[in-house]
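To keep things clear, I will list the structure first and then write my remarks on it.
Written out as structure tokens, the structure is:
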């Protein structure tokens with residue numbers, strides 16, 4: 258039997274190397290965003306503690322609601338960033354080695370990033386009515402004003418400006434934009450034709466003539482005039498019939514396979530070699 262087919266892998270293209278380092282950069286930015294979200298959660302919790310100290314008679318339900326909302330927002334923004342960072346970090350080395358499965362996982366992770374960003378934006382949709390109420394010509398319902406004005410805790414918590422918030426939100430937005438840009442570049446580089454040929458190499462053409470046992474008809478060795486094909490090497494005939502290969506002998510490239518080689522013999526010839534006369538045969542009449 259012929260040896261198994263082998264794949265011809267070209268040298269690793271520069272696009273794959275660049276994509277690898279960009280993927281590492283995405284991992285670092287994602288981890289930085291997760292750390293930034295954690296710091297923001299700790300900072301806002303300290304702001305809640307400050308408001309509670311300034312308003313001792315604050316409603317416990319309001320305080321608990323702010324703490325729960327702080328934890329929820331930290332999980333919504335921090336956990337996906339960590340999971341995507343781990344995903345891309347695990348697949349980075351296999352991508353550099355040429356694993357096509359790892360490349361597919363990178364494509365999936367990039368699509369998941371878009372879905373996560375969309376879901377995170379939708380999670381803040383409940384703030385849209387509050388942000389647009391000030392721009393509406395009609396005033397919001399009266400019960401909203403009464404509830405907000407009656408809460409000294411909220412007034413104290415959100416009063417004034419916080420330098421940390423002025424730094425956090427622009428940095429977080431820039432980090433998300435950087436992640437999306439780098440991820441798009443990684444996907445494009447890994448999908449280019451040179452990278453695709455490297456991840457999915459072509460099969461070696463040597464398997465085009467597998468070894469088999471068949472009737473090989475080497476045309477130049479014994480075919481009559483009109484059947485000659487110059488350039489084909491002669492093949493030694495097998496036992497009994499010219500062109501019959503011994504069992505297990507591979508068929509060389511360039512030889513025709515014919516089920517009935519005797520049909521191509523010249524008229525008056527036999528399929529087998531002529532029988533030799535015995536040495537002890539009596540002489541004929543003189």
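Numbering (my numbering), first residue to last: 258 to 543.
Glycine included, C-beta positions come from ideal geometry on N, C-alpha and C.
Checklist entry - What first and last residue would you give for the alpha helix (DSSP H) that runs through residue 348? => result Indexing the chain shown from 1 puts residue 348 at position 91. 317-354 is the extent of the alpha helix (DSSP H) around residue 348.
Checklist entry - Are the beta-carbon atoms of residue 421 and residue 300 separated by less than 7 Å? => result Indexing the chain shown from 1 puts residue 421 at position 164. Indexing the chain shown from 1 puts residue 300 at position 43. Cβ distance < 7 Å, so residue 421 and residue 300 count as in contact.
Checklist entry - Do you know how far the Cα of residue 315 is from the Cα of residue 282? => result For this step, residue 282 is matched to residue 25 along the chain shown. For this step, residue 315 is matched to residue 58 along the chain shown. So the two alpha carbons sit approximately 45 Å from each other.
Checklist entry - Secondary structure at residue 292, three-state DSSP: helix, strand or coil? => result In the chain shown, the residue the question calls residue 292 occupies position 35. Three-state result, residue 292: helix.
Checklist entry - If we count the other Cβ atoms within 10 Å of its Cβ and call it buried at 16 or more, is residue 464 buried or exposed? => result Reading the chain shown from its first residue, position 207 is the one you call residue 464. With a pLDDT of 48 at residue 464, under the threshold of 50, the modelled position of that residue is not reliable, and no figure is offered here.
Next on the checklist: Give me, in chain order, the residues of the same chain whose beta-carbon lies closer than 6 Å to that of residue 425; leave out the 5 immediate sequence neighbours on both sides.
Outcome noted: Along the chain shown, one-based indexing puts residue 425 at 168. Correct list, in chain order: 297.
Item to check | For residue 459, three-class secondary structure by DSSP | outcome: As a working mapping, residue 459 is identified with position 202 in the chain shown. In this structure, residue 459 counts as strand in the three-state DSSP scheme.
Next on the checklist: Tell me which residues share the same chain as residue 272 and place their Cβ nearer than 8 Å to its Cβ, disregarding the 5 neighbours each side in the sequence.
Outcome noted: Translated into the one-based positions of the chain shown, residue 272 becomes position 15. So the qualifying residues of the chain are 446, 447, 449, 451 and 452.
Checklist entry - Cβ atoms of residue 413 and residue 546: under 7 Å apart, would you say? => result This structure gives no information on residue 546, because the portion of the chain shown stretches from 258 to 543.
Checklist entry - Whose C-alpha, out of 305, 267 and 333, is nearest the C-alpha of residue 290? => result Translated into positions along the chain shown, residue 290 becomes position 33. The shortest C-alpha separation from residue 290 is found at 333.
Checklist entry - Is it right to say residue 485 is buried, meaning 16 or more other beta carbons lie within 10 angstroms of its own, or is it exposed? => result Indexing the chain shown from 1 puts residue 485 at position 228. For residue 485, the predicted model reports a pLDDT of 45, less than 50, meaning its position is unreliable and no value from the coordinates is stated.
Checklist entry - How many angstroms separate the CA atom of residue 415 from the CA atom of residue 319? => result Here residue 415 refers to the residue found at position 158 of the chain shown. Here residue 319 refers to the residue found at position 62 of the chain shown. Those two C-alpha atoms are separated by around 13 Å.
Checklist entry - To which residues of the same chain is residue 428 closer than 7 Å at the C-beta, ignoring the five residues directly before and after it? => result For this step, residue 428 is matched to residue 171 along the chain shown. Closer than 7 Å at the Cβ level, and outside the excluded window around residue 428, lie 293.
Checklist entry - Considering only C-alpha positions, which residue in the set 365, 458 and 269 is nearest to residue 441? => result Against the chain shown, residue 441 aligns to sequence position 184. Residue 441 has its Cα closest to that of 365, out of 365, 458 and 269.
Next on the checklist: Quick check: what's the CA-CA separation for residue 410 versus residue 344?
Outcome noted: Position 153 of the chain shown holds residue 410. Position 87 of the chain shown holds residue 344. Their backbone Cα atoms lie some 41 Å apart in a straight line.
Item to check | alpha helix (DSSP H) segment containing residue 435, residue limits | outcome: Taking the first residue of the chain shown as 1, we reach residue 435 at position 178. Here the alpha helix (DSSP H) through residue 435 covers 420-448.
Checklist entry - When you compare only the Cα positions, how much space is there between residue 372 and residue 341? => result Taking the chain shown and counting its residues from 1, the one referred to as residue 372 is at position 115. Taking the chain shown and counting its residues from 1, the one referred to as residue 341 is at position 84. Going by the C-alpha atoms only, they are around 12 Å apart.
Next on the checklist: Which same chain residues end up closer than 6 Å to residue 284 when comparing Cβ atoms and leaving out the 5 residues on each side of it in sequence?
Outcome noted: Along the chain shown, read from residue 1 onward, the residue named residue 284 stands at position 27. So the list reads 342, 345 and 346, once near-sequence residues are dropped.
Item to check | Residues that residue 265 bridges to, as DSSP identifies them | outcome: Here residue 265 refers to the residue found at position 8 when the chain shown is read from its first residue. Beta-bridge pairing links residue 265 to 459.
Next on the checklist: Along the chain, where does the alpha helix (DSSP H) containing residue 314 start, and where does it finish?
Outcome noted: Looking up residue 314 in the chain shown gives position 57. Looking at the DSSP string, residue 314 is not in any alpha helix (DSSP H), and its letter there is neither H nor E.
Checklist entry - Buried or exposed: which applies to residue 305, given that a residue is buried once 16 or more other Cβ atoms fall within 10 Å of its Cβ? => result Working through the chain shown from its first residue, we reach residue 305 at position 48. With 16 or more Cβ atoms within 10 Å of its Cβ, residue 305 is classed as buried.
Item to check | Nearest candidate by alpha-carbon position, reference residue 276, set 408, 431 and 351 | outcome: Counting from 1 along the chain shown, the entry for residue 276 is found at position 19. The option with the nearest alpha carbon to residue 276 is 351.
Item to check | Distance between residue 278 and residue 288 (C-alpha atoms, nearest Å) | outcome: Residue mapping note: residue 288 aligns to position 31 of the chain shown, counting from 1. Residue mapping note: residue 278 aligns to position 21 of the chain shown, counting from 1. For residue 288 and residue 278, the distance between alpha carbons rounds to 16 Å.
Next on the checklist: What does the Cβ neighbour count give for residue 307, buried or exposed, with the cut at 16 atoms within 10 Å?
Outcome noted: Within the chain shown, residue 307 is the residue found at index 50, counting from 1. It counts as exposed.
Next on the checklist: For residue 408 and residue 317, what's the separation of their Cα atoms in angstroms?
Outcome noted: Along the chain shown, one-based indexing puts residue 408 at 151. Along the chain shown, one-based indexing puts residue 317 at 60. Their backbone Cα atoms lie some 12 Å apart in a straight line.
Checklist entry - What's the call for residue 266, buried or exposed, on a 16-neighbour Cβ count within 10 Å? => result Your numbering for residue 266 matches position 9 in the chain shown. With fewer than 16 other Cβ atoms within 10 Å, it is exposed.
Item to check | Integer-rounded CB distance, given that residue 363 should sit under 8 Å from residue 280 | outcome: What you label residue 280 is simply residue 23 of the chain shown in a count that begins at 1. What you label residue 363 is simply residue 106 of the chain shown in a count that begins at 1. With 8 Å as the limit, residue 280 and residue 363 qualify as a contact, their Cβ atoms being about 7 Å apart.
Checklist entry - So what does DSSP say about residue 270, is it helix, strand or coil? => result Walking along the chain shown from the start, residue 270 turns up at place 13. The answer is coil: DSSP assigns residue 270 none of H, G, I, E or B.
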